[in-house]
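2 protein chains.
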Amino acid sequence: MSTNQNTDTIYGINPKTGDRLDPGFPAADAARVDALVADAVAAYQRYRATSGPDRADLLREIAMQIEALGDELITVCDAETALGPVRIASERGRTVNQLRMFADLVEEGSWVDARIDTAIPDRKPLPKPDIRRMLAPVGPVVVFGASNFPLAFSVAGGDSASALAAGNPVIVKAHGSHPGTSALVGRAVSAAVAQCGLPAGVFAVVHGPGSVVGSALVKHPGVRAVGFTGSRGGGRALMDLAAARKAPIPVYAEMGSINPLIVLPHAVAHRGVAIAEGLAGSVCLGVGQFCTNPGLILAVEPAGSEAAPADSVSSGGAAANPGTAGATAAFVSRLAATMEAQGPGVMLNRSIASTYCEMVARFASAHGVVTHTGARSQDAGGCAPSQPDGAGATQAAGAGPDGYATVHPALFSVSADVFVQSPLLAQEVFGPATLVVRCADATDVTRCLAVIGGNLTATFHGDDEDFAGYADLVRVVEQTVGRVIFNGFPTGVEVCASMTHGGPYPASASEFHTSVGTGAILRFARPVSYQNCPPPLLPAEPQDANPRGITRIVNGAYSRDPVA
Amino acid sequence: MSTNQNTDTIYGINPKTGDRLDPGFPAADAARVDALVADAVAAYQRYRATSGPDRADLLREIAMQIEALGDELITVCDAETALGPVRIASERGRTVNQLRMFADLVEEGSWVDARIDTAIPDRKPLPKPDIRRMLAPVGPVVVFGASNFPLAFSVAGGDSASALAAGNPVIVKAHGSHPGTSALVGRAVSAAVAQCGLPAGVFAVVHGPGSVVGSALVKHPGVRAVGFTGSRGGGRALMDLAAARKAPIPVYAEMGSINPLIVLPHAVAHRGVAIAEGLAGSVCLGVGQFCTNPGLILAVEPAGSEAAPADSVSSGGAAANPGTAGATAAFVSRLAATMEAQGPGVMLNRSIASTYCEMVARFASAHGVVTHTGARSQDAGGCAPSQPDGAGATQAAGAGPDGYATVHPALFSVSADVFVQSPLLAQEVFGPATLVVRCADATDVTRCLAVIGGNLTATFHGDDEDFAGYADLVRVVEQTVGRVIFNGFPTGVEVCASMTHGGPYPASASEFHTSVGTGAILRFARPVSYQNCPPPLLPAEPQDANPRGITRIVNGAYSRDPVA
C-alpha cells in the first residue's frame with residue numbers, strides 16, 4: 222500500500238480498496254514551479270488584452286472539451302473518489318454550466334463595473350478632469366483543487382472559471398486525492414487554450430504535496446491571488462504564507478463550516494418528521510462531504526413541551542408528528558432512524574475517513590453528549606476506518622472488507638448549557654455526522670451561535686407563527702453567515718448571481734467575497750482609472766461610444782447609452 | 222520641548238516653532254479600548270438596521286456640524302500642521318463634500334448591489350430556489366487618521382465617511398500630529414450622532430501611540446476592518462497584526478507611492494518648459510506631502526537629441542522650449558529653477574522633516590546621482606531640520622529661526638542604468654523632492670518601472686506623435702498602478718465614482734480597493750444571501766416591490782422595476 226504524500230510521484234488511491242491507481246504523476250520541483258509561473262506571467266500580457274467575447278469562447282471551448290472526455294472522466298474520477306457515476310456526472314454538469322455561466326457574464330460584459338465621470342473644464346475652483354474606471358485582471362492566479370468537488374471546485378471548477386473569465390492565467394495545484402481526474406481535465410483545458418490560439422501559459426496543472434508545491438506557488442512573486450477550498454488548517458497555512466510575502470496577496474480560502482440549522486418550536490411540533498427526514502438526507506448527502514453540510518442543529522423546544530430526557534429516546538421513533546409534547550425528542554428520534562437507514566458510505570480518502578472517525582469518537586465520549594447513532598460509546602477511541610472488525614451498523618466506520626475509507630452516519634445531542642462550554646463540539650466533523658443542541662428559547666440559540674464563529678450558511682425551519690417571535694433572531698444570525706436559508710437545507714449551492722458562498726472567518730478567509738456564482742469573478746479583478754485619457758488609448762468598456770453595449774455608471778446614473 | 226509619543230497625554234506641537242500646544246489629550250489605556258469597542262459592538266446592532274436615508278441624514282449632519290466649528294477648526298489645525306488657512310479651508314470643503322457624496326450614495330441606495338434570482342419550482346433535475354442578496358455592513362471599523370490630511374483623511378475623512386455610510390460604527394485613532402483638530406472634529410461627529418438619535422457608540426475618537434492604542438484596536442476581536450493612510454512601515458505593521466489575529470481582518474492601508482511620471486520625447490521637445498513648470502508645482506504642493514506626489518520622473522530623450530551630461534546643466538535654464546536637441550537637459554534645468562523658486566516650506570512635524578532631510582542627503586550622496594537643487598553635496602549627512610545653521614537656499618532643510626520643521630525642495634537626476642541598480646532611489650521621499658531618470662526609450666522606462674513595484678498613480682506627458690509609438694507602454698504601466706493620468710499631474714485626487722486611489726503593493730494593502738470616491742464604501746460591506754426568505758423577513762432592498770427604488774440585477778438584467 223503506497224502513500225500519495227511527500228513522494229516524487231503522485232498516485233491516486235481507490236478509497237474503496239486502498240489500491241494504488243496508475244499512472245502516477247510527477248510532483249513538481251522548484252524549477253518547474255518557477256517555469257510555470259514565468260509562463261503564466263508571460264501569457265498574462267496577451268491574455269489580459271483579450272475581449273470578453275474572446276474569453277467567453279475559451280470558457281465554452283473548455284466546457285466542450287470536458288464533455289468530450291466522456292465516460293473516461295467518470296470512470297477515472299469514480300475510481301479516485303468513490304463518489305459514484307451519478308454524482309460525478311451531475312458534478313460534471315455543474316462544472317460545464319459554471320463555465321458557460323461565466324462565459325455569458327463576460328460576453329455581456331457589464332461585470333467590469335465601468336464608471337465614467339466626464340470633465341467639467343469650467344468648474345470652480347478647479348476644473349474637473351475626465352475620469353473613467355473599470356475592473357481589470359490582476360495577474361496569475363493559483364487555484365487549489367478541493368478534495369470534495371473533484372470537478373466543480375478543482376481544475377476547471379468555480380475558482381478557475383472565474384479567474385480565467387476575469388482575464389487571468391491560472392495554475393492549478395491538483396488535489397492529491399484525484400490526480401488522474403485533474404490530469405484529464407487539465408488536458409481538456411489546455412486543448413481549449415490551444416484551440417483558441419492562446420499561449421499555453423494561460424493554464425497549467427501541477428501535482429505535488431501542498432506543503433511543498435502549494436507553498437512555493439503561493440510564495441512566488443509572480444502570483445497575484447489564490448483560490449482555495451479545503452480544511453481550515455490548510456487554508457490558514459496558505460493565508461499566513463501569503464500575508465508574510467514581501468508583497469502580500471489575497472488567499473480566497475473557503476474552509477468549511479458547521480452550518481447551524483435552527484428548528485423553531487411551531488415547526489418542530491407540526492412537521493418535525495418531515496424536517497428530520499429532509500435533514501437526514503442533507504447530512505448524509507455525498508457521505509456528508511460538503512462545505513454546507515449541516516453539522517449543528519439548534520432545536521428550540523416548544524413551550525409547554527415536556528422535554529423527555531434525550532437519552533431515553535429509542536432509535537426509530539414513530540412517524541407521526543408529536544405535537545407539542547416531547548417534540549424535540551421525537552424529532553431527534555426520527556432523525557436518528559433516518560440517518561441510520563442511510564447505511565455506510567465510502568469517504569474520499571483514508572485520511573478524511575480517519576479524521577471523521579476520530580472526531581466521532583471524541584464527540585461520543587465528550588461530557589454530556591448523547592449518542593443516538595453511529596458510535597460505540599464503549600470503544601470510542603478505537604473507531605478507525607482501517608481496522609475491519611465486523612462490527613455492526615451502529616459504529617461509525619470500519620465494516621467489512623471494503624472498510625478502507627468506509628464510515629457510518631453519526632448523530633449526537635447535547636444541552637445548550639453543555640454545548641456553550643465545550644469548544645470541541647463547535648468543531649466541524651467533516652462527514653455524515655451532526656449534533657442536536659436542545660435549546661429552550663431564542664436566548665439559548667443566540668448563546669450557541671456566539672461560540673461557533675462564522676459559517677457559510679445558517680438555516681431556519683420555522684412557520685409564520687415562529688417568525689412572529691423570532692424575527693430578531695434572523696437579524697442576529699445574518700451577521701454570522703454568508704447565506705440564510707429558510708425551510709430548506711444548506712447542501713445544494715445554487716450557482717447564480719445572487720449566491721454568497723463565503724462567510725465570516727473561519728468559514729472563509731474573506732467574508733467580503735463569494736466563491737460560487739457570478740460574484741466570484743470580483744475576487745480576481747481590480748479597479749483601474751484613466752484620467753484625461755486620449756480616446757485611442759482607452760480600453761473598449763469605458764469609451765464614449767460604449768462599443769461593448771454594457772451597463773455603466775455615467776455621471777452617477779446607470780446607463781447603456783453612449784456618452785453624448 | 223516635549224514629545225507627543227509614548228506619554229499618557231498627547232499634545233500637538235507647532236511645526237513652525239516646536240512649541241507645545243495645549244490642551245493635551247489623555248492616551249487611552251487597555252480598559253478604555255475595550256470599553257470603546259464594546260460600545261461600538263453594541264451600537265452596531267442598532268446602526269446596521271438604519272436605512273440609507275437615515276445614514277444620509279447622519280452624514281449630512283456631520284458635515285453641518287464640522288462647518289459649524291467655523292474658524293476655530295482652521296486656527297487649531299493650522300497651529301498643529303502649518304498647512305495654512307487656505308489649504309485647510311479647502312480641505313474642509315473636500316471633507317464635507319465627501320460626507321455629502323456618501324450621503325447621496327446611500328440615500329439613492331443602489332450601491333448595495335442587490336441581486337434577485339427568482340424561483341423556478343419546476344426546474345429539472347432540481348427546483349431552483351428563490352435567492353436574493355445585498356451588501357450589508359460588516360461591523361465596527363477602526364480608522365487611523367493620516368498626518369497629511371488632518372481633515373479629509375482623518376477623523377471624519379474618507380475612511381470614516383465610507384464606513385459610516387455602509388452602516389458600521391467607527392473608532393478613529395487620532396494622529397498624534399493633530400490631536401486638537403481630531404478632538405474638535407470628533408466632537409462635531411458625536412454631536413451629529415446624538416442629534417440623529419443614534420447610540421453614542423456609533424462613533425469615537427481615541428488618542429495615544431499607534432504602537433499601543435492602535436495595535437490594541439487592530440487586535441481587538443470586536444473590530445472587523447481597518448482603514449489606514451500613512452507610511453509603509455506603519456501600514457505593514459498593522460497588516461501583519463491583522464493577519465495574525467485568530468480571525469484575520471482586512472487592513473485597507475494606503476501607504477504612499479512614488480508616482481512615476483513619464484515624459485515622452487515629442488512632449489519634452491515641444492512643451493518641456495510648461496511640463497516642468499506644472500510639475501514643479503505638483504512636487505512642491507503642500508510641501509510635497511501628498512500620497513500622489515510625483516517622486517520619479519522618467520524622461521525619454523527625443524531621438525536625435527544629443528543628451529548633454531546632466532551635471533553640466535546650470536540651474537535656471539532658458540524659458541524657451543529647446544526642441545529636440547538637449548530636450549531632457551533643458552527640462553531638468555527648468556524644473557530645478559522652478560522648484561528652487563518655490564522656496565522653503567514647513568512640514569507637518571519634526572519627524573517627517575527629519576526623515577525628508579535624511580532621505581535627501583542619502584540621494585545626494587548616492588552613486589551616479591546629480592543634485593540640481595536642494596542638498597549640499599559636501600555635507601549631505603548634516604541636513605537635519607533641527608540644526609539651524611544659516612545655510613543658503615540650496616540646502617534641503619534648516620534655514621533660520623523657523624527651522625524646526627522647515628525644508629527645501631530637492632531635485633536629482635540619474636541615468637536609467639544607475640537607477641535600476643539602486644534600491645535606495647526607488648524609495649519614497651515624502652516631501653518636495655523628485656528624481657529625474659534619463660531614459661533612452663520605452664525599454665528604459667519599462668526597466669525602471671519593473672524595479673519600483675506598485676504605485677497609486679502613473680502619469681504620461683505625451684502628444685499624439687508620442688502615443689503612436691508608446692501605446693503598448695500604457696498597457697504595461699496600467700498593470701502597476703490604480704490610476705493612469707494623461708498630460709496632467711497626480712496631485713489633486715478627484716472624489717467621484719470613477720476614482721481609484723489604491724494600487725498594487727506597496728502603494729496599498731489591497732489593490733482591489735479604492736480609498737477615495739464612492740467605491741471606497743465597498744471596503745466595509747459584505748454580501749449576504751437569503752434563500753426562500755419569507756417576504757416579511759427580507760431587508761427592504763431585495764423585496765419584490767423595490768421600495769427603495771434602486772437599480773438591481775433581477776434574473777441577470779439590470780432593473781429598477783418591481784419583481785413581477
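As you go down the protein sequences, you meet chains A and B in turn.
Just add 221 to the spot in the first sequence (first one is 1) and you have the working numbering.
Just add 221 to the spot in the second sequence (first one is 1) and you have the working numbering.
For each residue, glycine too, the CB sits at the ideal point set by N, CA and C.
Just so you know, these numbers come straight off a predicted model, no measurement behind them.
Which of helix, strand or coil DSSP assigns to residue i
{"i": "residue 650 of chain B", "result": "coil"}
{"i": "residue 681 of chain A", "result": "strand"}
{"i": "residue 627 of chain A", "result": "strand"}
{"i": "residue 361 of chain B", "result": "coil"}
{"i": "residue 634 of chain A", "result": "strand"}
{"i": "residue 512 of chain A", "result": "coil"}
{"i": "residue 694 of chain A", "result": "helix"}
{"i": "residue 568 of chain A", "result": "coil"}
{"i": "residue 759 of chain B", "result": "coil"}
{"i": "residue 717 of chain B", "result": "coil"}
{"i": "residue 373 of chain A", "result": "coil"}
{"i": "residue 676 of chain B", "result": "strand"}
{"i": "residue 462 of chain A", "result": "helix"}
{"i": "residue 538 of chain B", "result": "Interpretation of residue 538 of chain B is limited by its pLDDT of 42, a score under 50 that renders its predicted location unreliable; the figure taken from the coordinates is listed afterwards. Of the three classes helix, strand and coil, the one that applies to residue 538 of chain B here is coil, per DSSP."}
{"i": "residue 518 of chain B", "result": "strand"}
{"i": "residue 262 of chain A", "result": "helix"}
Beta-carbon proximity list for residue i, same chain, < 7 Å, skipping 5 on both sides
{"i": "residue 363 of chain A", "result": "392, 394, 438, 439, 444, 447"}
{"i": "residue 783 of chain B", "result": "765, 766, 767"}
{"i": "residue 290 of chain B", "result": "405, 409"}
{"i": "residue 249 of chain B", "result": "427, 428, 429, 434"}
Alpha carbon of residue i to alpha carbon of residue j, nearest angstrom
{"i": "residue 723 of chain B", "j": "residue 355 of chain B", "result": "25 Å"}
{"i": "residue 580 of chain B", "j": "residue 650 of chain B", "result": "6 Å"}
{"i": "residue 453 of chain A", "j": "residue 785 of chain A", "result": "52 Å"}
{"i": "residue 442 of chain B", "j": "residue 756 of chain A", "result": "48 Å"}
{"i": "residue 326 of chain A", "j": "residue 482 of chain A", "result": "33 Å"}
{"i": "residue 476 of chain A", "j": "residue 456 of chain A", "result": "6 Å"}
{"i": "residue 308 of chain A", "j": "residue 676 of chain B", "result": "48 Å"}
{"i": "residue 584 of chain B", "j": "residue 728 of chain B", "result": "21 Å"}
{"i": "residue 266 of chain A", "j": "residue 361 of chain A", "result": "10 Å"}
{"i": "residue 411 of chain B", "j": "residue 459 of chain B", "result": "26 Å"}
{"i": "residue 285 of chain A", "j": "residue 781 of chain A", "result": "32 Å"}
{"i": "residue 558 of chain A", "j": "residue 499 of chain A", "result": "12 Å"}
{"i": "residue 685 of chain A", "j": "residue 417 of chain B", "result": "34 Å"}
Own chain residues within Cβ distance below 6 Å of residue i, not counting five before or after
{"i": "residue 402 of chain A", "result": "297, 298, 301, 371"}
{"i": "residue 219 of chain A", "result": "Since the first and last residues shown for chain A are 222 and 785, residue 219 of chain A lies out of range."}
{"i": "residue 380 of chain A", "result": "364, 448"}
{"i": "residue 660 of chain B", "result": "519, 521, 637, 666"}
{"i": "residue 566 of chain A", "result": "508"}
{"i": "residue 744 of chain A", "result": "473, 734"}
{"i": "residue 726 of chain B", "result": "675"}
Whole-number beta carbon distance between residue j and residue i, since they are thought to touch under 8 Å
{"i": "residue 234 of chain A", "j": "residue 480 of chain A", "result": "At roughly 29 Å, the Cβ-Cβ gap does not stay under 8 Å, so residue 234 of chain A and residue 480 of chain A are not in contact."}
{"i": "residue 814 of chain B", "j": "residue 434 of chain B", "result": "With chain B running from 222 to 785 in the structure shown, residue 814 of chain B is simply not present."}
{"i": "residue 451 of chain A", "j": "residue 367 of chain A", "result": "6 Å"}
{"i": "residue 383 of chain A", "j": "residue 742 of chain A", "result": "4 Å"}
{"i": "residue 716 of chain B", "j": "residue 319 of chain B", "result": "6 Å"}
Residues near residue i in its chain [Cβ-Cβ closer than 8 Å; skip 5 each side]
{"i": "residue 740 of chain B", "result": "718, 720, 721, 734"}
{"i": "residue 663 of chain B", "result": "521, 690, 691, 693, 694"}
Segments of 4+ residues assigned as alpha helix (DSSP H) that fall wholly inside the segment 720-753 of chain B:
none
Completely contained beta strand (DSSP E) runs for the segment 394-459 of chain A, where each covers 3 or more residues:
424-427, 446-450
Where are the alpha helix (DSSP H) runs, 4 residues long or more, that stay fully inside the segment 470-505 of chain A, in chain order?
486-505
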